[in-house]
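Residue numbers (the numbering used here): -6 to 894. Structure first, commentary second.
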């Protein structure tokens, strides 16, 4: 049981050591601190690891200024108190009593030594905190010691994780751990009986537990980059003094053994900078080489060139090839053209050693290709070919594991090693030329190396299948197919046919041309760049990653994925994304033409264009702060050219965009063209949102103010509204919702077409009666109708002078009472229930009040002494005639005024 107790003891220790101090901040806290401490779960009260010394001193100053409060009297304080600030800590007896209870609760044998150690540490930490409250330096010394201990732990943990045990070291460590466990066993016979009874070797179990705990423990390698970042900050000068030069050198050696290139360069760069702050001395050539390459990685080329040239003629590197190769690499990594200096160093290397490593030659090829100097790039491939002829071609070279050697000659020999050309070197050259679409050079490389070793062709095809993305493979296949179609192929047909045969087995989609393959690769590069945007949302990041994966494996893009692609391309709000989206649409239009003509030889990866993809583009262009009207009109022209039907939701988005841009004439022209289809059966199913947008557009004040010509006259727009409403109610399966009904009624009332407003209510009433709901009209609609009528009376009042308004005040009030507008406030009660006749009666009463001829000047006409005899009756007859005609126009039952009221 003692073996098990070891692990439980560690848990108890962590539970009791990692606690916080209850530091009183006021007199009230001082009085209640002891009571609170007694009620809390048993634990120590002091934690020194996260305490800031400045804050401790500040609290000490507050506690020591007690005399300032003695003259203050309130219900929260007592005068002339003599209490002094004290740390609220638990006495040793209480700690021991609580720990005994915890041991008993956990079913573990009580360990007095462990408890006494906790008590001892509690006393020590209490003394340190009291010293800090008095302004002492003990806490600072503890913090400094903690940093030093952390650095020592981190270095040791990194060394243990990087440098694996060798030559039986693992067995020695295992025996040492077993010996430690054996020391804790008091009764060997009892231990053996327990082992035999459960059938498990407790030594083995404890060792496995120890290994597991070490694997789950914090890693020094994970903490190293963050620690170096903090140490490199300008405000960390005091912390840098706590890390010795020897420790920094150990960290530099550890950093050089990290496998990840990015992490290794970062740690080497930061550690090298920290070392240079402490000493002006230079490291040995091997370690300085790693630091210089890290500087190159972080684009500090001036410092890298200085370190290279300042040591170039020293005896320790004068005869070392790797130093000159490093210098040439620095010049080649620079963004500007420094190939002249690199060529001079390369000439010096070849003159001295008659050999240049293949990796450096590949860097030359990549640099010249980036500069579009194809001749120079291929010239360096010729140098690689000479190296192959002189030193041979091999499939693979084994690379030794990272290790530390004491003999510098071993390290020099490794970096100065002479190697033959490998398959990987040849593949890198092939991929470099392919990246820049130099197909002639690519085929020359394949032919040359295959003639030397036919196994290379098998290696190449395998790498193309497993490691090359779909756009690259498809580009190769397109090039091979084009060459094989020629009467006299330029390249080796046997090689081309073999590669095509193998690649066709993993060719899920055949693209239309090489340009499409290049275009796919361009899209992938752009999307990968977009992923580096830190402001991109997680949702957009997921979409982008999914699109990159789909393009990389060559799966066909669905219509839904195409819409997501368009949205992602527009995220950057730049010309590049817009151009890519435009080209995607071109490929989709071409696919639509191929589908219609039956050309299915090369389908391509994009789906055929449809109305939904055009809708997505209109939304992307229209929902900007400044809508792109020109691009939207081009999209509409494309849809007409490719005979893509315009959906109602598409038309609605176009109308909203025109209205947002205040181009109402264009909006109504588009709406008229959309509604004036020759074939009524081909008209798309309308939506309530589209109908509401159209109604609002026709009646809007902005359309009247900004509109021009006969198209925008009030009579013309009213006729269009009537035709639209008729089309809606006669559409099979159409159901009008409350919002659209209210919009229609208010639109008719805006035009003064109260008869059509009554017809709209009648239509809704009969539709509801068919549903056996007695034609219920929502209360909100009644309120909207009365508010609209009241607004009309207000407009009439504005035509009166101040004296006229006073004289007609009672008449206007009586008009409102007759129309039922005085009850507008009570109308807001939600429990009111109405039918369509109630709403229509409200409108007809308004007409009756103004003799069935409400006009803007109706109230002013009250001052006219002469009235036309029988005018009201004629107006009523005319209104009823219009009502009956419109009911017939809308295909509604004929219902007269008297039947409604």
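Where is the CB? At the ideal position from N, CA and C, for every residue including glycine. In this text the structure is predicted, and so the values were computed from the model without any measurement.
Residue from the options with nearest C-alpha to residue i
{"i": "residue 350", "options": "590, 315, 216, 405", "result": "315"}
{"i": "residue 661", "options": "410, 713, 621, 627", "result": "713"}
{"i": "residue 430", "options": "418, 463, 367", "result": "367"}
{"i": "residue 249", "options": "560, 264, 235", "result": "264"}
{"i": "residue 421", "options": "406, 650, 484, 357", "result": "357"}
{"i": "residue 534", "options": "215, 880, 558, 423", "result": "558"}
{"i": "residue 299", "options": "291, 308, 323", "result": "323"}
{"i": "residue 873", "options": "852, 846, 884, 97", "result": "846"}
{"i": "residue 732", "options": "647, 720, 465, 682", "result": "682"}
{"i": "residue 553", "options": "600, 596, 153", "result": "600"}
{"i": "residue 622", "options": "411, 657, 85, 754", "result": "657"}
{"i": "residue 666", "options": "629, 151, 635, 693", "result": "629"}
{"i": "residue 686", "options": "652, 617, 228", "result": "652"}
{"i": "residue 522", "options": "587, 565, 478, 495", "result": "565"}
{"i": "residue 370", "options": "428, 408, 318, 344", "result": "428"}
{"i": "residue 252", "options": "295, 154, 333", "result": "154"}
{"i": "residue 743", "options": "513, 788, 730", "result": "788"}
{"i": "residue 247", "options": "238, 260, 472", "result": "260"}
{"i": "residue 290", "options": "688, 319, 150", "result": "319"}
{"i": "residue 811", "options": "794, 839, 797", "result": "839"}
{"i": "residue 850", "options": "797, 227, 141", "result": "797"}
{"i": "residue 645", "options": "635, 663, 632", "result": "663"}
{"i": "residue 634", "options": "583, 780, 871", "result": "583"}
{"i": "residue 618", "options": "588, 627, 638, 655", "result": "655"}
Residue(s) in a DSSP beta bridge with residue i
{"i": "residue 387", "result": "415"}
{"i": "residue 770", "result": "827"}
Residue i vs residue j beta-carbon contact at 9 angstroms
{"i": "residue 360", "j": "residue 335", "result": "yes"}
{"i": "residue 354", "j": "residue 376", "result": "yes"}
{"i": "residue 758", "j": "residue 710", "result": "no"}
{"i": "residue 649", "j": "residue 604", "result": "no"}
{"i": "residue 517", "j": "residue 462", "result": "yes"}
{"i": "residue 502", "j": "residue 596", "result": "yes"}
{"i": "residue 790", "j": "residue 852", "result": "yes"}
{"i": "residue 746", "j": "residue 719", "result": "no"}
{"i": "residue 284", "j": "residue 346", "result": "no"}
{"i": "residue 268", "j": "residue 241", "result": "yes"}
{"i": "residue 756", "j": "residue 885", "result": "yes"}
{"i": "residue 305", "j": "residue 271", "result": "no"}
{"i": "residue 288", "j": "residue 294", "result": "yes"}
{"i": "residue 782", "j": "residue 728", "result": "no"}
{"i": "residue 330", "j": "residue 309", "result": "no"}
{"i": "residue 520", "j": "residue 541", "result": "yes"}
{"i": "residue 549", "j": "residue 609", "result": "no"}
{"i": "residue 615", "j": "residue 647", "result": "yes"}
{"i": "residue 112", "j": "residue 89", "result": "yes"}
{"i": "residue 254", "j": "residue 214", "result": "no"}
Assumed close pair residue i, residue j - CB separation to whole angstroms, cut-off 8 angstroms
{"i": "residue 679", "j": "residue 735", "result": "About 17 angstroms; that fails the 8 angstroms criterion."}
{"i": "residue 833", "j": "residue 775", "result": "Between residue 775 and residue 833 the Cβ distance is about 11 angstroms, and since that is not below 8 angstroms, they are no contact."}
{"i": "residue 607", "j": "residue 571", "result": "About 16 angstroms; that fails the 8 angstroms criterion."}
{"i": "residue 524", "j": "residue 543", "result": "The Cβ separation is near 15 angstroms, so there is no contact."}
{"i": "residue 738", "j": "residue 837", "result": "Between residue 837 and residue 738 the Cβ distance is about 13 angstroms, and since that is not below 8 angstroms, they are no contact."}
{"i": "residue 440", "j": "residue 492", "result": "Actually they do not touch by this definition, with Cβ atoms about 12 angstroms apart."}
{"i": "residue 611", "j": "residue 625", "result": "6 angstroms"}
{"i": "residue 496", "j": "residue 448", "result": "In fact, because the Cβ distance is near 18 angstroms, the residues do not count as touching under 8 angstroms."}
Discussion item. Ignoring anything shorter than 4 residues, give me the alpha helix (DSSP H) runs that lie fully in the stretch 231 to 303, in order along the chain.
Written reply: Here the runs fully enclosed are 238 to 248, 254 to 271, 278 to 290.
Worksheet entry | Contiguous beta strand (DSSP E) assignments of at least 3 residues, all confined to the stretch 303 to 363 | Counting whole runs of 3 or more residues, the stretch 303 to 363 contains no beta strand (DSSP E) stretch at all.
Worksheet item: In chain order, which continuous runs of the alpha helix (DSSP H) of length 4 or greater are located wholly inside the stretch 677 to 756?
Response: For the alpha helix (DSSP H) assignment, the uninterrupted runs of no fewer than 4 residues enclosed by the stretch 677 to 756 are, from N- to C-terminal side, 681 to 692, 694 to 699, 707 to 722, 731 to 743.
Worksheet item: Hey, which unbroken runs of the beta strand (DSSP E) at 3 residues or more fall wholly within the stretch 447 to 493?
Response: No beta strand (DSSP E) of 3 residues or more sits fully in the stretch 447 to 493.
Discussion item. Quick check on the DSSP output: what are the complete alpha helix (DSSP H) runs of length 4 or more inside the stretch 564 to 609, in order along the chain?
Written reply: Fully enclosed alpha helix (DSSP H) runs of 4 or longer: 568 to 590.
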